[in-house]
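Enquirer: Following the numbering used here, the numbering of the sequence shown begins with 175 at its first residue and continues without gaps. All C-beta atoms, glycine included, are put in the ideal place defined by N, C-alpha and C. Every value quoted in this text rests on a predicted model; they were computed, and no experiment measured them.
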Amino acid sequence: MKAILFKFSSLAFLLLFSFIPAVQEFQGQAFYVSKSTMELGNWGARLSEAQKKQVQARLKNRLEKTYVLNFNKEESFFEEEDKLDAMSGATDSWGNNFSRGDQYKNIKENALVQSQEFYGKLFLVKDELQPIAWNMGTESKQIGQYLCFKASASVPATELQWYDFSWGELRSATSDDADSSEPEIQMTNIEAWYTPQIPVAHGPAEYWGLPGLILEVSAGNTTMLCSKIVMNPDTKLKIEAPDKGKVITRSSYKATITDKMREMRDNRGRRRSR
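(1) Measure the beta-carbon distance from residue 336 to residue 206 and round it to whole angstroms, keeping in mind my assumption that it falls under 8 Å.
(2) Quick one: Cα of residue 240 to Cα of residue 375, how far?
(3) By DSSP, does residue 431 sit in helix, in strand, or in coil?
(4) Candidates 418, 434, 404 and 431: which alpha carbon is nearest residue 204's?
(5) Counting pairs of Cβ atoms below 8 Å between the stretch 283-292 and the stretch 306-318, do you hit three or more?
(6) Can the beta-carbon of residue 317 be found less than 8 Å from the beta-carbon of residue 384?
(7) Among the residues of its own chain, which have a CB less than 6 Å from the CB of residue 211, if the five just before and after it don't count?
(8) I'd like to check one pair, residue 315 with residue 367: are the Cβ atoms closer than 8 Å?
(9) Any idea if residue 359 is buried or exposed, counting beta-carbon neighbours within 10 angstroms, 16 or more meaning buried?
(10) Does the separation of the CB atoms of residue 324 and residue 303 fall below 8 Å?
(11) Evaluate residue 440 with the Cβ neighbour count: other Cβ atoms within 10 Å of its Cβ, from every protein chain shown; 16 or more gives buried, anything less gives exposed.
(12) When the Cα atoms are used, what is the spatial distance from residue 175 to residue 414?
(13) Report the partner residues of residue 369 according to the DSSP bridge assignment.
(14) So for residue 253, helix, strand or coil by DSSP?
(15) Closer than 6 Å by C-beta to residue 178: which residues in its own chain qualify, once you throw out the five before and the five after it? Chain order, please.
(16) Assuming residue 371 contacts residue 298 (C-beta within less than 8 Å), just tell me the rounded distance between them.
(17) Would you identify the three-state DSSP class for residue 307, choosing helix, strand or coil?
(18) Are residue 276 and residue 253 closer than 8 Å when you measure CB to CB?
(19) Let me make sure I understand the geometry here. Which of 208, 273 and 327 has the alpha-carbon closest to that of residue 382?
(20) What did DSSP end up calling residue 240 once you bin it into helix, strand or coil?
Now the structure itself:
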């Protein structure tokens, strides 16, 4: 009997250790299409339909993007695929100053490493992952061959767009300095669809922390939808953190670009007043 138990235990031991490398080498690749809408406001109301279409065509490179997410059990690397400007055939250099750079996330270590370039200067943003308090729903739907479940959350807008800049934020910050009242925190509602069939806590962009890969996410005026998934590709994926640039935190990076844009605005104002 002992001999039988020994053989069974030895077999279980060998099976376990033969399975561990497969888990460690588990990899996947998800491709996403991102589409955003832009409200033209009062200015847009004065445009003809032809002019509106022309504006949309010029902004297409900023409003429609494609991304790829490489991932394993613990790490992911998210990057935008290069896309030429629809009108000029050139890359969008102005928009690149305020776009998301190559992004590395490590779920186990709760670490974010993101490469950012601002007017020719490289920054390496190192910080903790943005916490997201997900509300788990019961709704489900099919995305491709994967059964997905709904989750929702509400996050401060500035936490999702820390790499971006808007003149509205700058005007608001200036008025808040003059008026000592507490500024209102604008929240962004998030709707995500994840699949337990791919049991990793990864997702595109800043989104993560669900019990399955996020295949679709909508926040504000932007929706990201997974268009293709490749599991365990033949060629081993390179999932490594960026390592070039001045090391900085998210909040410090946001402060840096805001100060630079304020300086540019003030210099422009002084030139005009001469």
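Expert: Reading from the atomic positions:
(1) About 20 Å; that fails the 8 Å criterion.
(2) When rounded, the distance between both Cα atoms is 21 Å.
(3) Note: residue 431 maps to helix in three-state DSSP.
(4) Considering only alpha carbons, the answer is 404.
(5) Too few Cβ pairs lie closer than 8 Å, so no.
(6) No Cβ-Cβ contact shorter than 8 Å links residue 317 with residue 384.
(7) Closer than 6 Å at Cβ, skipping near neighbours: 395.
(8) Taking 8 Å as the Cβ cut-off, residue 367 and residue 315 qualify as a contacting pair.
(9) Residue 359 sits exposed, since fewer than 16 C-beta atoms from the chains shown fall within 10 Å of its C-beta.
(10) Contact flag unset, no.
(11) Exposed, since its Cβ has fewer than 16 Cβ neighbours within 10 Å.
(12) Only weak support exists for where residue 175 lies, its pLDDT of 46 falling under 50; the value from the coordinates is given anyway. For residue 175 and residue 414, the distance between alpha carbons rounds to 50 Å.
(13) Partner(s): 387.
(14) Residue state for residue 253 is assigned as strand, using DSSP reduced to three classes.
(15) Below a pLDDT of 50, predicted positions are generally treated as unreliable, and residue 178, at 39, falls in that range; the measurement from the model is reported next regardless. Excluding sequence positions up to five before and after residue 178, its CB lies less than 6 Å from no other CB in the same chain.
(16) Rounded, the Cβ-Cβ distance is 34 Å, inconsistent with contact.
(17) Assignment of residue 307 by DSSP, reduced to helix, strand and coil, places it in the coil class.
(18) Yes. Within cutoff.
(19) Nearest neighbour of residue 382 by Cα position, chosen from 208, 273 and 327, turns out to be 327.
(20) Here residue 240 sits in strand by DSSP.
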